[in-house]
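All remarks here apply to the structure that follows.
Residue numbers (my numbering): 47 to 300.
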């Protein structure tokens, strides 16, 4: 059985219509989204998780990482969406930094933002597949920082307990030479580096214009060694403008 997955940091839904159109066109089975938000923190001042499920006709699992104090509807988090034909057996949220309410998000220390991973296990034609959808904290650059490594170590240690076959993807906010990536590289195939992807940021709209060229690879898809990869690609801006990050896609055979 083949499974097609899209990895994308959706940038608070700034290009929501384009995302919906692209997903419908390409018939993905599973979507791993980060920066899924709601309320005044969202670009669309609504609940992106609910809108995406309704617009795409998909089921989903959400994990909020924080909300604005006194405004439960104003949040940020991750979401894993999937076809209703897939049977979800288990779901969990693994917090790399605990969930909390933030009194003033405009003045917060973004390096201390809570982060998490969504873990989902599906039953597919008698086989099981676990997917892990994560978002690691940002920093002034893509290099290791103590607060990044702390979160990365929690993810690394958790991934050692995940049964195969599995897919791990996310916006790691670190480059391929970082300790975090080198840790995960010991556990699974890093398709971003296997395919010599040098940049996963959108040079046309990303706010860190000083990075271009050449850009930096900070988004990753990993697969366990027992998975057969049929295809992998990076979605360029001229194919579909989806976010300030470039989407990654993988098709696997179970």
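In this text, a Cβ means the ideal position worked out from N, Cα and C, and glycines have one as well.
Three-state secondary structure assigned by DSSP to residue i
i           : result
residue 265 : strand
residue 329 : Look at the range of the chain in this structure, 47 to 300, and you will see that residue 329 is not part of it.
residue 101 : helix
residue 183 : coil
residue 312 : The structure shown does not extend to residue 312, since the chain is modelled only from 47 through 300, so no value can be given for it.
residue 61  : coil
residue 273 : coil
residue 220 : coil
residue 208 : coil
residue 121 : strand
residue 202 : helix
residue 52  : strand
residue 130 : coil
residue 257 : helix
Span separating the alpha-carbon of residue i from that of residue j
i           : j           : result
residue 9   : residue 82  : Because residue 9 is not part of the residues shown, which for the chain are 47 to 300, the question remains open.
residue 53  : residue 214 : 10 Å
residue 150 : residue 262 : 30 Å
residue 204 : residue 87  : 30 Å
residue 287 : residue 202 : 32 Å
residue 148 : residue 85  : 14 Å
residue 259 : residue 74  : 30 Å
residue 283 : residue 250 : 8 Å
residue 278 : residue 93  : 30 Å
residue 157 : residue 120 : 19 Å
residue 136 : residue 106 : 12 Å
residue 98  : residue 224 : 33 Å
residue 253 : residue 66  : 23 Å
residue 96  : residue 124 : 13 Å
residue 276 : residue 285 : 21 Å
residue 122 : residue 153 : 16 Å
residue 171 : residue 206 : 25 Å
Contact belief for residue i with residue j at Cβ below 8 Å, rounded distance in angstroms
i           : j           : result
residue 226 : residue 268 : Not really, about 12 Å apart at Cβ, beyond 8 Å.
residue 176 : residue 166 : 7 Å
residue 191 : residue 145 : Contact doesn't hold; Cβ gap of about 21 Å is too wide.
residue 78  : residue 216 : 7 Å
residue 104 : residue 130 : 7 Å
residue 132 : residue 211 : With 8 Å as the limit, residue 132 and residue 211 do not qualify as a contact, their Cβ atoms being about 14 Å apart.
Pair within 8 Å by beta-carbon distance, residue i and residue j
i           : j           : result
residue 248 : residue 188 : no
residue 183 : residue 159 : yes
residue 219 : residue 264 : yes
residue 296 : residue 127 : no
residue 47  : residue 173 : yes
residue 49  : residue 102 : no
residue 271 : residue 298 : no
residue 140 : residue 162 : yes
residue 246 : residue 292 : yes
residue 243 : residue 280 : yes
Interface flag, residue i vs chain D, CB-CB below 8 Å
i           : result
residue 230 : Annotation note: the requested chain D is absent from the structure, which comprises a single protein chain.
Exercise for the section: Pair every Cβ in the region 50-70 with every Cβ in the region 110-117, then say whether three or more of these pairs are closer than 8 Å. Expected result: no
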